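Presented below is the structure to which this report refers.
Residue numbers (our numbering), protein chains in the order written: chain A, 1 to 187; chain B, 1 to 183.
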């Protein structure tokens, strides 16, 4: 009886560790392969011709056509700067500056990657402060300055895509200049 | 108690082994990877599919940026080297070549000095050897890409500067010519 209990313990620990760790590692690269800056994360080698095994598994899991290294890089945020999951019931302010890029887009999407609003914003369409910083509101209701309208219920993800960027190219010094996501009010 | 701890430690080690097996075998076992999704929208090679307005589409299987427009084509290099030809607007565009496992074999943008004309040849290792031996005739200025496998996907991304020109940009992408070079 004791042997059977120990065997069950071994199997539970093995399966929990094996599959749990795999899920955790591939969710947003929290173990290997990803870069994290505040709420933003990206898989550094997802657009490389020779991705590491974790990135290769991530590519297989998402089925996405990733940006090539010379095209740009995509960063995603599932939570605000305080670590709370993004909710469509809340209004968020995206504040700060973005890394150097020819242009960028910011789009809210659902868990399956489909857009949840009529449009996102791009760097060529927004009003900026005198110092070049951005202030973008993401909410269901009308908001001042630059506004991204979202629709529906539940959680969502913000996708910031930097095209033709020097980020991670080795010639940029602005790795950490990512905008904050600040939760303002919730319905 | 000590024996139970040893079993738990054994479970932990076995778990790490399972983790490594999952990570290493997932690309081969995935049923819904890039290749399966491309095969759904593009059953045949040398065809092109456009993703014009992903904001209004219900699904975005390739998780593409909906602010851009796209042309995706599939090439089978067993039928000869692939060639992708297009004349595109001056605003930002890029092109990426993917293997069946979704890895990016090659990518570039029009900021790299290509200008408005895209003329890219895709060769497998055998064809690259023939090319080096000058046994394949190609156009001067052809951008040469070597692919490790015979089936590749090519995605052209085009960024309309404003919504008003989106339809015209889609028409430009619709003229993308994706074919095999006769050798």
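Ideal Cβ positions, reconstructed from N, Cα and C, are used throughout, including at glycine. Just so you know, these numbers come straight off a predicted model, no measurement behind them.
Contact between residue 161 of chain A and residue 72 of chain A holds, with the beta-carbon distance rounding to 6 Å and staying under 8 Å. Setting aside the 5 residues that flank it on each side, residue 169 of chain B is surrounded in the same chain by 69, 89, 158, 160, each with a C-beta closer than 7 Å to its C-beta; the list follows chain order. Listed along the chain, the chain B residues whose CB falls inside 7 Å of the CB of residue 105 of chain A are 65, 67. In the DSSP annotation of this structure, residue 131 of chain A is not part of any alpha helix (DSSP H), being labelled neither H nor E. Excluding its 5 nearest sequence neighbours in each direction, residue 186 of chain A has C-beta neighbours in its own chain below 6 Å: 89, 90, listed in chain order. 111, 112: these are the residues of the stretch 111-132 of chain B whose beta carbon lies less than 8 Å from some beta carbon of chain A, given in chain order. Setting aside the 5 residues that flank it on each side, residue 105 of chain A is surrounded in the same chain by 120, 122, 161, each with a C-beta closer than 6 Å to its C-beta; the list follows chain order. In this structure, DSSP gives residue 72 of chain A an extended state, which the three-state scheme calls strand.
Interface flag for residue 35 of chain A against chain B is unset, since no Cβ pair is found closer than 9 Å. Residue range 166-174 is occupied by the alpha helix (DSSP H) that includes residue 172 of chain B.
Bounds of any beta strand (DSSP E) do not take in residue 145 of chain A, whose DSSP letter is neither H nor E.
Residue 156 of chain A carries a coil assignment under DSSP once its states are collapsed to helix, strand and coil.
Residue 130 of chain A counts as exposed, since fewer than 16 other C-beta atoms from the protein chains shown sit within 10 angstroms of its C-beta. Between residue 49 of chain B and residue 71 of chain B, the gap from beta carbon to beta carbon is short of 9 Å. The C-beta separation of residue 105 of chain B from residue 49 of chain A comes to about 6 Å, placing the pair in contact by the 8 Å criterion. Nearest Cα to residue 32 of chain A within the set A:56, A:38, A:16: A:56. Looking at the backbone, the Cα of residue 87 of chain A and that of residue 86 of chain B are separated by about 42 Å. Listed in chain order, the beta strand (DSSP E) runs fully inside the stretch 68-123 of chain B are 69-76, 82-87, 93-98, 104-109, 117-123, counting runs of at least 3 residues. For residue 118 of chain B, the closest alpha carbon among the candidates B:109, B:166, B:16, B:43 is that of B:109.
Around the CB of residue 65 of chain B, 16 or more other CB atoms lie within 10 Å, so the residue is classed as buried.
Bounds of the beta strand (DSSP E) holding residue 185 of chain A are 180-186. For residue 60 of chain B, the three-state secondary structure derived from DSSP is coil.
Closer than 9 Å to the CB of residue 155 of chain A there is not a single CB belonging to chain B.
In the DSSP secondary-structure assignment, residue 49 of chain B is bridged to B:72. The residues 73, 84, 97, in chain order, have a CB closer than 6 Å to that of residue 154 of chain B in the same chain once the five nearest residues on each side in sequence are set aside. With a threshold of 9 Å between beta carbons, residue 2 of chain B makes no contact with chain A.
Using a Cβ distance threshold of 9 Å, residue 114 of chain B and residue 131 of chain B do not count as a contacting pair. Taking 9 Å as the upper bound on Cβ-Cβ separation, chain A lies near residues 6, 7, 8, 9, 10, 11, 12, 13, 14, 15, 16, 17, 18, 19, 20, 21, 22, 23 of the stretch 6-23 of chain B. Under the Cβ criterion of 9 Å, residue 98 of chain A is not counted among the residues facing chain B.
Take residue 68 of chain A, set aside five residues on each side of it, and the residues of its chain with a beta-carbon closer than 7 Å to its own are 47, in chain order. Per DSSP, reduced to three states, the secondary structure at residue 148 of chain B is coil, with no helix or strand assignment.
Residue 141 of chain B is classed as exposed because its beta carbon has fewer than 16 other beta carbons within 10 Å across all chains shown.
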